[in-house]
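Chemist: Just so you know, the sequences run in chain order U and Z. One gets our numbering by counting positions in the first sequence from 1 and adding 2 to each. One gets our numbering by counting positions in the second sequence from 1 and adding 267 to each. Dumping the structure here so I can ask a few things about it.
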Amino acid sequence: MSNVPPDLKFTKSHEWVRVLPEGIAEVGISDHAQQALGDLVFVEVPEAGRKVAVGDASAVVESVKAASDVYAPVSGEVVEGNAALAETPEIINQDCYGGGWLMRIRLDNSAELDSLLDARAYEALVASDAH
Amino acid sequence: MGLRTPLYQTHVDLGARMVDFGGWDMPVNYGSQIEEHHAVRRDAGLFDVSHMCVIDLEGAAVRSFLERLIANDVAKLSIPGKALYTCMLRESGGIIDDLIVYCLGEHWFRLVVNAGTRDKDLAWIREHAQEAGVTVKERRDLAMIAVQGPKARAKCAALMSASDRTRALALDTFFGAALGALFVGRTGYTGEDGFELVVPAASVVDWWQRLRGAGVACCGLGARDTLRLEAGMNLYGSDMDETTTPLESGLKWTVAFDRRERAFIGRRALEAQLAAGVPRKFVGLVLEDRGVLRGHQKVLVAGVGAGEITSGTYSPTLERSIALARVPAATGTQVQVDIRGKLLAARVVRPPFVRNGKSLLGA
């Protein structure tokens, strides 16, 4: 069972997007993803100023079990990577939709948000993954 | 659906994340595997190891049979209750499995072998036992749980009757005793003190629940792997297999060459390898950068050649990555490891990495 907040958007690769004021998209990995990865031990977030395109490998989350790329769900310029994760990567396991955010991206094109999955569609995806 | 131990439903009810392990549905964690690891180093943790295979060997010729079958010397098991760790080899010197052997009586020995190699091991043992007139009994009626950590023996013994408690706590390391239907061994795979309990399968769930009630934390295979690697203990299938000898696997100490007349299977091949010079050695690695060492990553040794990581992980006790690796014999103290295309620096150390819950690394 995993938590899927209804107000967020999602990708098929288990990233979530929260739209913040002034055209900023906040990005992280879902509860389903953090459960599958297990205890996270290292996280690499992109530097402010980096330009990303949809689908670019933009961050890396590494658990005891495996390393996993995190793909940019939207195109734009990274305004901030979550610096707290360098010291305490386990925040992602504890609070993946809050303190566990990975990066904030200034959107190039807000229409890209329409291509993302809503919470219901993501829930269905996760449920079908389980079988 | 894989094979299931008698504790399968208990694990599911406890919310364990289940995975396939060598054909068995086993718990990898019940929550945070890092917390489970710390529980074993600081207190006491509980592992279901009922997937492992218990094999009883009986008959007048058991000792002489074992003198041939295993690379360590059964003569070391001079009294009932004593146990040893050994490899079982092919004529080529390649390792069929690693296992523990207990002496339970003059004509009764018990082997505990790995789950993933059970069929292969049984076939090999049966084939050779037949020639020797030794009976081989796979004990599917038994289940096994490990209780490990500095408080493990005390918490476990507190659940026993007064006389059983005294006998259990009197056991030396690598000794076991039968206490009624319960067999207790002071052995383990974590580098901590503790017991491994062998019980009738029908009573294992009760033992598990009572140990939980005594404050022993449930631990899965994830923690089991980080604990054993910190303790410098090999995992069959990763650190060694039929293509490697004990001499290239850090297991020379488990081979007893001293009695010249003891013609154990694989002896000639090992002696030939020693005479020619063993080309590869088995070492510990500590990653100096951020990252995680993992099995099969390439190890580059400047001016010497290349090797391979056999098992790697993140060490919760040391808070950095460690690994076991097979490298050219001339390897010195510094290597590089190819991690997803980047070359990261690692230093060579002698395992174990942790003892009594403390780092042995110095730095």
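Built from N, CA and C at the ideal position, the CB exists for glycine as well.
What would DSSP say about Ile93 of chain U, mapped onto helix, strand or coil?
Modeler: helix
Chemist: What does the alpha-carbon distance come out to for the pair Ala592 of chain Z and Gly517 of chain Z?
Modeler: The alpha-carbon atoms of Ala592 of chain Z and Gly517 of chain Z are separated by roughly 10 Å.
Chemist: Between Asp41 of chain U and chain Z, is the shortest Cβ-Cβ distance under 9 Å, so that the two count as touching?
Modeler: yes
Chemist: If the cut is a Cβ gap below 9 Å, which residues of chain Z does Ala69 of chain U touch?
Modeler: Gly558, Val559, Arg561, Ile606 and Arg607
Chemist: In the DSSP assignment, find the beta strand (DSSP E) that holds Leu494 of chain Z and state where it starts and stops.
Modeler: Per DSSP, Leu494 of chain Z belongs to no beta strand (DSSP E); it is in the alpha helix (DSSP H), Leu488 to Glu497.
Chemist: Report all residues from its chain with a CB closer than 7 Å to the CB of Glu555 of chain Z; omit the five preceding and five following residues, and keep chain order.
Modeler: Ala612, Ala613 and Arg614
Chemist: Just the chain B side, please: which residues come within less than 7 Å of Gln540 of chain Z by C-beta, in chain order?
Modeler: The structure shown contains no chain B; its protein chains are U and Z.
Chemist: Give a yes or no on whether the minimum CB-CB distance between Asn111 of chain U and chain Z is below 9 Å.
Modeler: no
Chemist: Smallest Cα separation from Ala86 of chain U: which of U:Asp120, U:Ser32, U:Asn5 and U:Val43?
Modeler: U:Val43
Chemist: Might you give, ordered along the chain, the residues of its own chain that have their beta carbon closer than 6 Å to the beta carbon of Asp310 of chain Z, omitting 5 neighbours on each side?
Modeler: Counting only Cβ-Cβ distances below 6 Å, and skipping sequence neighbours, we find Gly416 and Lys418.
Chemist: Contact criterion: CB-CB distance below 9 Å. Does Val66 of chain U meet it with respect to chain Z?
Modeler: Interface residue, yes.
Chemist: Taking only beta-carbon atoms, is Gln37 of chain U less than 9 Å away from chain Z?
Modeler: At a cut-off of 9 Å between C-beta atoms, Gln37 of chain U counts as an interface residue with respect to chain Z.
Chemist: At the level of alpha carbons, what is the spacing between Phe450 of chain Z and Leu371 of chain Z?
Modeler: 10 Å
Chemist: Helix, strand or coil, according to DSSP, for Pro513 of chain Z in the structure here?
Modeler: Residue state, collapsed to three classes: helix.
Chemist: Within a Cβ cutoff of 6 Å, which residues of the same chain sit near Val401 of chain Z, ignoring the five residues on either side of it in sequence?
Modeler: Leu324, Gly326, Ala328, Val329 and Phe332, listed in sequence order.
Chemist: When the Cα atoms are used, what is the spatial distance from Ala35 of chain U to Phe620 of chain Z?
Modeler: 31 Å
Chemist: Starting from Tyr456 of chain Z, find everything on chain U with Cβ-Cβ shorter than 8 Å and list it in chain order.
Modeler: Going along chain U, no residue has its Cβ under 8 Å from Tyr456 of chain Z, so there is no contact; the nearest lies around 17 Å.
Chemist: Run through the DSSP bridge pairs and tell me what Phe442 of chain Z is partnered with.
Modeler: Z:Lys349
Chemist: Less than 9 Å between the C-beta atoms of Ser470 of chain Z and Ala448 of chain Z, yes or no?
Modeler: Taking 9 Å as the cut-off, the beta carbon of Ser470 of chain Z is found closer than this to the beta carbon of Ala448 of chain Z.
Chemist: From what residue to what residue does the beta strand (DSSP E) around Leu552 of chain Z run?
Modeler: It spans Arg547 to Leu554 - the beta strand (DSSP E) in which Leu552 of chain Z sits, taken as one unbroken run.
Chemist: Mapping DSSP to helix, strand and coil, what is Trp291 of chain Z?
Modeler: strand
Chemist: For the alpha helix (DSSP H) containing Gln540 of chain Z, list its first residue and its last residue.
Modeler: Arg534 to Ala543
Chemist: Leu585 of chain Z and Leu552 of chain Z look like a contact to me (Cβ under 8 Å); what is the Cβ gap, rounded to whole Å?
Modeler: That belief does not hold up - the Cβ atoms of Leu585 of chain Z and Leu552 of chain Z are roughly 12 Å apart, past 8 Å.
Chemist: Give me the Cα-Cα distance between Leu378 of chain Z and Val522 of chain Z, rounded to the nearest whole angstrom.
Modeler: 17 Å
Chemist: Hey, does Tyr297 of chain Z have any beta-carbon neighbour from chain U nearer than 9 Å?
Modeler: no
Chemist: Tell me which residues share the same chain as Glu405 of chain Z and place their Cβ nearer than 7 Å to its Cβ, disregarding the 5 neighbours each side in the sequence.
Modeler: Cys320, Ile322 and Leu389
Chemist: Identify the contact partners of Gln300 of chain Z in chain U, using a Cβ-Cβ distance below 8 Å as the criterion.
Modeler: Gly40, Asp41 and Val66
Chemist: Residues in the same chain with beta-carbon distance under 6 Å from Ile337 of chain Z, minus the five sequence neighbours each way, listed in chain order, please.
Modeler: So the list reads Thr353 and Met355, once near-sequence residues are dropped.
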